[in-house]
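Trainee:
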Amino acid sequence: MIDILPPLFFMCVIPCTIFLYIFCPYYLKHGRNLKSTYTLSKNYFIIFYFVSIIFHIFKRTYSFFLILLIRRTIECIIYRYKHSRMTYLQFIYGIIYYLILSEHLMKYGNNLYERKEALMRLFSNYNNRSSLNQGMNIGLNQGDSFNLRSYYFSKSFITFNVLHSISHYFVFIKGWKYIHYILEIVIYLHLYFKIRSITLLLNVIYIIIFIYCSIRKRG
Numbered sequence: 006m007i008d009i010l011p012p013l014f015f016m017c018v019i020p021c022t023i024f025l026y027i028f029c030p031y032y033l034k035h036g037r038n039l040k041s042t043y044t045l046s047k048n049y050f051i052i053f054y055f056v057s058i059i060f061h062i063f064k065r066t067y068s069f070f071l072i073l074l075i076r077r078t079i080e081c082i083i084y085r086y087k088h089s090r091m092t093y094l095q096f097i098y099g100i101i102y103y104l105i106l107s108e109h110l111m112k113y114g115n116n117l118y119e120r121k122e123a124l125m126r127l128f129s130n131y132n133n134r135s136s137l138n139q140g141m142n143i144g145l146n147q148g149d150s151f152n153l154r155s156y157y158f159s160k161s162f163i164t165f166n167v168l169h170s171i172s173h174y175f176v177f178i179k180g181w182k183y184i185h186y187i188l189e190i191v192i193y194l195h196l197y198f199k200i201r202s203i204t205l206l207l208n209v210i211y212i213i214i215f216i217y218c219s220i221r222k223r224g
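Take the sequence shown: its letters are residues 6 to 224, numbered as in this note's numbering.
(1) Taking just the CA atoms, how far does I171 sit from L73?
(2) So for S161, helix, strand or coil by DSSP?
(3) Which partner residues of G36 appear in the DSSP bridge assignment?
(4) How is S41 classed by DSSP in three states: helix, strand or coil?
(5) Do the region 9–20 and the region 60–67 meet, that is, are 3 or more Cβ pairs less than 8 Å apart?
(6) Would you mind listing the alpha helix (DSSP H) stretches within the region 154–223 that are 4+ residues and don't spill past its ends, in chain order?
(7) Are F177 and Y84 closer than 9 Å when you measure CB to CB?
(8) Rounded to whole angstroms, what is the Cα-Cα separation between N235 and K87?
(9) Please work out which residues of its chain come closer than 8 Å, Cβ to Cβ, to G144, disregarding the five sequence neighbours upstream and downstream, and give them in chain order.
(10) Entirely within the region 43–110 and at least 3 residues each: give me those beta strand (DSSP E) ranges in chain order.
(11) Should L33 be labelled buried (16 or more other beta-carbon atoms within 10 Å of its own) or exposed?
(12) Mind checking which residues open and close the alpha helix (DSSP H) that includes V21?
(13) For F158, which residues of its own chain have a beta-carbon under 6 Å away from its beta-carbon, when the five flanking residues on both sides are left out?
(14) If we ignore side chains and look at the alpha-carbon of each, how far apart do R201 and L25 end up?
(15) How close, in whole Å, do the beta carbons of Y186 and T22 come, if the pair is a contact with beta carbons under 8 Å?
(16) Rounded to a whole number of angstroms, what is the C-alpha to C-alpha distance between T78 and F55?
(17) How many angstroms separate the CA atom of H243 from the CA atom of D8?
Encoded structure:
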């Protein structure tokens, strides 16, 4: 049952987002011009990430998504909203959204780390590029190959997260707009191409739709 929940969640959220955009745009609107009645500061975004971090700890399972959650928590402490607000519906939804993604990605978390010893053995046995390539051709077992791919994925994922963090600096300090949205799409696309699950594909579609609606209806 729990395996069906993430894709079902996004199958419901995508049409609901489009419906709200057309008929009830107030519930998608967030930003400076949102009325303060029955809304709360977007500084409470930190709750989204903190709850999911606690969820990871409680489940004793790790995934690359944890990097994003910790980064966003730190950014929420450093960069503070002065006037931007969100609705209570958006607040509740944000908590559920990150918990759903965390639950889904934790299924793949152990696979990315359980062969760490094989990765360390691979790099200790082959100290330079030429011998590494030779070793990959003649003696690389399936576990080492998997960890090598995971190693390069982790480097890319961390790089995209650093770039996303830098983009938030330009948004908050320099007043730039929308650059962080582009990098957010890149991060979730990167996750999808690594895991290739229907849930992450639906998530990418949802992210693109939500960003479009947010830009169009943003206050």
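A virtual CB, placed ideally from N, CA and C, is assigned to each residue, including glycine.
Mentor: Looking at the atomic coordinates:
(1) 13 Å
(2) helix
(3) R90
(4) coil
(5) no
(6) 184–200 and 203–222
(7) yes
(8) What the structure shows of the chain is the stretch from 6 to 224, and residue 235 is not part of that stretch, so it cannot be assessed.
(9) Because G144 sits at a pLDDT of 41, beneath the cut-off of 50, its placement in the model cannot be relied upon, and the following sentence gives the value as read from the coordinates. If we look at G144 and ignore the five residues flanking it on each side, it has no Cβ neighbours.
(10) 44–46 and 90–92
(11) buried
(12) Rather than Val, the amino acid found at residue 21 in this sequence is Cys. Its alpha helix (DSSP H) spans residues L10 to F28.
(13) K199
(14) 28 Å
(15) Not really, about 15 Å apart at Cβ, beyond 8 Å.
(16) 7 Å
(17) The structure shown does not extend to residue 243, since the chain spans only 6 to 224, so no value can be given for it.
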